[in-house]
Amino acid sequence: MSLPTIEPQENDAMVLNQGVVVSVRGSVVDVRFEKQLPPIYSVLRAGDQRQIVIEVLVQRDKFHVRGIALTPTQGLARGMTVEDTGGPLQAPVGKGLLSRMFDVFGNTIDREGELADVHLRSVHRAPPALAQRSTKSEIFETGIKIIDVLVPLERGGKAGLFGGAGVGKTVLLTELIHNMVGNHKGASIFCGIGERCREGEELYRDMNKAGVLPNMAMVFGQMNEPPGARFRVGHVALTMAEYFRDDEHRDVLLLIDNIFRFIQAGMEVSGLMGQMPSRLGYQPTMGTELSGLEERIANTDTGAITSIQAVYVPADDFTDPAAVHTFSHLSASIVLSRKRASEGLYPAIDPLQSSSKMATPGIVGQRHYELAQKIRRTLAQYADLKDIIAMLGMEQLSPQDRMIVGRARRLERFLTQPFFTTEQFTGLKGKLVSLKDALNGCERILRDEFKETNESDLYMIGTIDEATRKSKLKTNPQKTEEHANDVHAS
Numbered sequence: 130m131s132l133p134t135i136e137p138q139e140n141d142a143m144v145l146n147q148g149v150v151v152s153v154r155g156s157v158v159d160v161r162f163e164k165q166l167p168p169i170y171s172v173l174r175a176g177d178q179r180q181i182v183i184e185v186l187v188q189r190d191k192f193h194v195r196g197i198a199l200t201p202t203q204g205l206a207r208g209m210t211v212e213d214t215g216g217p218l219q220a221p222v223g224k225g226l227l228s229r230m231f232d233v234f235g236n237t238i239d240r241e242g243e244l245a246d247v248h249l250r251s252v253h254r255a256p257p258a259l260a261q262r263s264t265k266s267e268i269f270e271t272g273i274k275i276i277d278v279l280v281p282l283e284r285g286g287k288a289g290l291f292g293g294a295g296v297g298k299t300v301l302l303t304e305l306i307h308n309m310v311g312n313h314k315g316a317s318i319f320c321g322i323g324e325r326c327r328e329g330e331e332l333y334r335d336m337n338k339a340g341v342l343p344n345m346a347m348v349f350g351q352m353n354e355p356p357g358a359r360f361r362v363g364h365v366a367l368t369m370a371e372y373f374r375d376d377e378h379r380d381v382l383l384l385i386d387n388i389f390r391f392i393q394a395g396m397e398v399s400g401l402m403g404q405m406p407s408r409l410g411y412q413p414t415m416g417t418e419l420s421g422l423e424e425r426i427a428n429t430d431t432g433a434i435t436s437i438q439a440v441y442v443p444a445d446d447f448t449d450p451a452a453v454h455t456f457s458h459l460s461a462s463i464v465l466s467r468k469r470a471s472e473g474l475y476p477a478i479d480p481l482q483s484s485s486k487m488a489t490p491g492i493v494g495q496r497h498y499e500l501a502q503k504i505r506r507t508l509a510q511y512a513d514l515k516d517i518i519a520m521l522g523m524e525q526l527s528p529q530d531r532m533i534v535g536r537a538r539r540l541e542r543f544l545t546q547p548f549f550t551t552e553q554f555t556g557l558k559g560k561l562v563s564l565k566d567a568l569n570g571c572e573r574i575l576r577d578e579f580k581e582t583n584e585s586d587l588y589m590i591g592t593i594d595e596a597t598r599k600s601k602l603k604t605n606p607q608k609t610e611e612h613a614n615d616v617h618a619s
């Protein structure tokens, strides 16, 4: 298939601006132009079939440019001719994007035929001006109890899922897609940056099966691709999202997995280009590059881009510069804990480290705010008592402390939830819980209505009423079959 993003942009009367390769060092290519020096971000093409794509990043002098290859440079050699396409990398935009899967060049990779009803647009765009931005704050419900109660997301905001390897970032992101894309009336864009192609293929099948693919587009820069391609795929996805927001006036849900891989790709590009590394080997321009991407995700009067981003935290170190820089751009930070994951408390969200700027009385309401504060206070007191319990046992606690521990343990279990996307692995049917039901359940636990209920009855349920039913079934085992028949009939 042709590469729509790198077609020459000159008219028939113009002559191609051609240069010659003077050096190739991995993905870094130096080119000499005698006539005219291409501007920064210009796309160059080389190779027998013009299949090698290079993006200009530096103008070294009046004759030489240095670029990063977005494709493998196999076969490229000194003395080969390079053509300037006359413009930057471009992404396809239009209604024809929906239900399709793309690579960084805008090529379809889903084997579903040619694209229709699209045109090309530069991926390098300025963020909306402050005067065009909307300051209205609204809650974005997810159907996941612990998020809606303790870390509410903002419509048109940016939320980050922080965690190390294997704590459930991709699973949680996939569940959010399942819950939100179905109820979300606008368009959804999924951007996979430097992640496994297997996960992308599974997501495509799951979204197709759920019937939400007609309102969704996917863009992938997989981990086997050169750093230049991984570095630009986020800009391609954002350009598509901006089209739906600005041209079609629709709300957009932008899901990014994983924003750390964008920073990592930038670090690789920076090293290849010969820049001096900064702290921990990161590129000196990391803050600028990340801001250039994140600032384009914004609310305007015509629509909103709500973004949820998975953020890998190297070695679980939250002081890592990549994590610190990402934190500063987010309206909600959801921190996943390895300790909670090891205890089987899924989703493994740490309620004490996670935060949201939406959790204020003026936005969520007084009742929700006070309830969230009580839950956090109870869980914090339990965390302080854990050392005493480990050394001396529950018997050494005062009656009041024992009640706090009981409430906290029941809250922890009630805030777990079976996911739709993990049904095949857990055998538990997924649950979608409204904010009202989640708040009612937490309030009743804090009022000690369930202090006689077994903790296990609150584990992996939806609404609090399910715990009552589970308790009744245990006390009346002979009615189990009758209850199951009633549920089946209803």
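Be aware that the sequence shown starts at 130, since it is given in my numbering, and climbs by one per residue.
Backbone N, C-alpha and C define an ideal beta-carbon position, used for all residues, glycine too.
By the Cβ-count criterion, K515 is exposed, with fewer than 16 other Cβ atoms from all chains shown falling within 10 Å of its own Cβ. The Cβ atoms of I273 and P476 lie closer than 8 Å to each other. Annotation note: the region 454-478 contains the following uninterrupted alpha helix (DSSP H) runs of length 4 or greater, listed N- to C-terminal: 467-471.
The beta carbon of V247 sits closer than 6 Å to the beta carbons of P221, G223, G225 from its chain, once the five residues preceding and following it are set aside; these are given in chain order. Under the 10 Å beta carbon count, V453 is surrounded by fewer than 16 other beta carbons and is classified as exposed. Counting C-beta pairs with one atom in each stretch, the region 339-350 and the region 314-324 have three or more that are closer than 8 Å, which means they touch.
Between the alpha carbons of T582 and R536 lies a distance of about 11 Å. Counting every other CB atom within 10 Å of its CB across the protein chains shown gives N387 a total of 16 or more, marking it as buried.
Boundaries of the alpha helix (DSSP H) around P528: 528-543. For V365, the three-state secondary structure derived from DSSP is helix.
Taking C-beta atoms under 8 Å as the contact rule, L218 and V158 fail to qualify, at a distance of about 15 Å. In this structure, DSSP gives H253 a state outside helix and strand, which the three-state scheme calls coil.
Residue environment for F291: buried (at least 16 other C-beta atoms within 10 angstroms of its C-beta). In chain order, D277, L282, L305, N308, M309 place their CB closer than 7 Å to the CB of T271, counting only its own chain and leaving out the 5 sequence neighbours on each side. Apart from the 5 residues on each side of it in sequence, R189 sits with its Cβ closer than 8 Å to the Cβ of D159, R195 in its chain, given in chain order. G491 sits in a helix when the DSSP states are folded into three classes.
Residues of the same chain with a CB within less than 6 Å of the CB of P443, apart from the 5 flanking positions on each side, are D449 in chain order.
Taking 8 Å as the upper bound for CB-CB distance, V381 and F373 are in contact here, some 5 Å apart.
Non-local C-beta neighbours of T555 in its own chain, meaning closer than 7 Å and more than five positions away in sequence, comprise P547, ordered along the chain. By the Cβ rule, the region 387-406 counts as touching the region 351-362, because three or more pairs are nearer than 8 Å. Shown here for V233: same chain residues with a beta carbon closer than 7 Å to its own, the five before and five after excluded, namely L199, G350, A358, R361, V362, V365 in chain order. An exposed status is given to M520, since fewer than 16 other beta-carbon atoms sit within 10 Å of its beta-carbon. The C-beta distance from A461 to A288 rounds to 4 Å, short enough to meet the 8 Å contact threshold. By the CB criterion at 8 Å, F192 and R154 fall outside the cutoff. Nearest neighbour of I593 by Cα position, chosen from L544, T550, I385, turns out to be L544.
Taking the C-beta atoms as reference points, V187 is found no nearer than 8 Å to G148. Taking the Cβ atoms as the reference, D586 lies roughly 4 Å from K599, within the contact range of under 8 Å. The alpha carbon of D530 has as its nearest neighbour, out of Q553, M589, I517, R542, the alpha carbon of I517. Q219 is bridged by DSSP to S251. N146 sits in a strand when the DSSP states are folded into three classes.
One alpha carbon belongs to P528, the other to I574, and they sit about 17 Å apart.
Among the bridge pairs identified by DSSP, G350 is matched with I322. Within the same chain, and ignoring the five residues on either side of Q510 in sequence, the residues whose Cβ sits closer than 6 Å to its Cβ are I533. Closest by C-alpha distance to R469, out of L459, S457, Q482, H458, is Q482. Looking at the DSSP output, L383 shares a beta bridge with I318, S436. A buried status is given to G297, since no fewer than 16 other beta-carbon atoms sit within 10 Å of its beta-carbon.
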